[in-house]
Amino acid sequence: MFFGNFTPKLDDKGRLILPAKFRDDFSEGVVMVKGQERCVNLLTMAEFEAVASRLREASMTNKSTRDYVRVLFAAAYDQVPDKQGRVSVPAHLREYASLDRDVVVNGAMDRVEIWAPDAWSSYSAEQEQKFAELSDEVFPGI
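Take the sequence shown: its position 83, counted from the start at 1, is 83 in full-length UniProt numbering, and no numbers get skipped.
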């Protein structure tokens with residue numbers, strides 16, 4: 001499970017040093033995909049395979065399913081972190097998420113997200129009140 005908030009920097013080659021607490025989980029490989037809110041999601045290979053398995057069960061005659069699969073898999077990028085725990089964020093994903101040198105890295109349960117700092121700040125500020133109000137919907141009876 002991934003959790004926590006970190007503010008590393010991308011180097012001049014677009015590489016990210018994974019936060020130390022995430023490195024073991026990604027030691028055998030990481031898959032980067034587009035996130036819905038213009039961030040980059042990092043999934044373990046096992047989690048990506050689980051997502052692919054669920055998508056295989058979806059109806060490919062449904063246009064929304066086909067569209068989602070195309071966008072997700074066309075932009076996906078896999079690699080194994082180097083010995084320093086670095087991964088290269090490809091240019092097309094850096095552009096998609098407006099990533100520059102400064103980034104925000106968040107653990108998000110089954111994935112890690114990479115955000116542009118301004119995008120994360122705006123998103124999290126907007127979600128604070130909704131977060132408090134959603135507890136009854138997400139955890140009924142608690």
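Using N, Cα and C, we set each Cβ at its ideal position, and we do this for glycine too.
Remember, it's a predicted structure, so these values are computed and weren't measured experimentally.
Cβ separation of residue 7 and residue 30, assumed to be a contact under 8 Å, to the nearest whole Å = By 1-based counting over the sequence shown, the position of residue 7 is 7. By 1-based counting over the sequence shown, the position of residue 30 is 30. With a contact defined as Cβ atoms closer than 8 Å, residue 7 and residue 30 miss out at about 19 Å.
Which residues in the same chain as residue 92 place their Cβ atom closer than 6 Å to its Cβ, once the five residues preceding and following it in sequence are excluded?
-> The residue you call residue 92 lines up with position 92 of the sequence shown. So the list is empty, once near-sequence residues are dropped.
Touching by the beta-carbon criterion (3+ pairs, under 8 Å), the segment 2 to 21 and the segment 100 to 116 = Touching, yes, given that three or more Cβ pairs across the two stretches are closer than 8 Å.
If you run the structure through DSSP and keep just helix, strand and coil, what is residue 3?
-> Residue numbering aside, residue 3 sits at position 3 when the sequence shown is read from its first letter. Reduced to three states, the DSSP call for residue 3 is coil.
Measure the CB-CB distance between residue 32 and residue 18 and report whether it falls below 8 Å.
-> Your numbering for residue 32 matches position 32 in the sequence shown. Your numbering for residue 18 matches position 18 in the sequence shown. Residue 18 is positioned such that its CB atom lies no closer than 8 Å to that of residue 32.
Can you check the segment 16 to 95 for any beta strand (DSSP E) of at least 3 residues that lies completely inside it and give the ranges in chain order?
-> Every beta strand (DSSP E) stretch that sits fully inside the segment 16 to 95 and reaches 3 residues is listed by chain position as 30 to 34, 40 to 44, 77 to 79 and 86 to 88.
Candidates 103, 125, 60 and 127, of which the one nearest residue 219 by Cα = For the chain, the structure presents residues 1 to 142; residue 219 sits outside this window and is missing.
Taking residue 14 as part of the beta strand (DSSP E), name the residues at either end of that continuous run.
-> Counting from one through the sequence shown, the residue named residue 14 turns up at place 14. Residue 14 -> no beta strand (DSSP E), and no H or E assigned at all.
When the Cβ atoms of the segment 83 to 98 are set against those of the segment 116 to 128, are three or more pairs found closer than 8 Å?
-> Touching, per the Cβ criterion.
In this structure, does DSSP put residue 118 in helix, strand or coil?
-> In the sequence shown, residue 118 corresponds to position 118, counting from 1. Here DSSP, grouped into helix, strand and coil, assigns residue 118 to helix.
On the three-state DSSP scale, how would you describe residue 134?
-> As a position in the sequence shown, residue 134 is number 134, starting the count at 1. Here residue 134 carries a helix assignment [DSSP, helix/strand/coil].
Can you say whether residue 40 is buried or exposed, counting buried as having 16 or more other CB atoms within 10 angstroms of its CB?
-> Here residue 40 corresponds to residue number 40 of the sequence shown, with the count starting at 1. By the 10 Å Cβ count, residue 40 comes out buried.
Among 86, 38 and 22, which has the Cα closest to the Cα of residue 121?
-> Looking up residue 121 in the sequence shown gives position 121. Considering only alpha carbons, the answer is 38.
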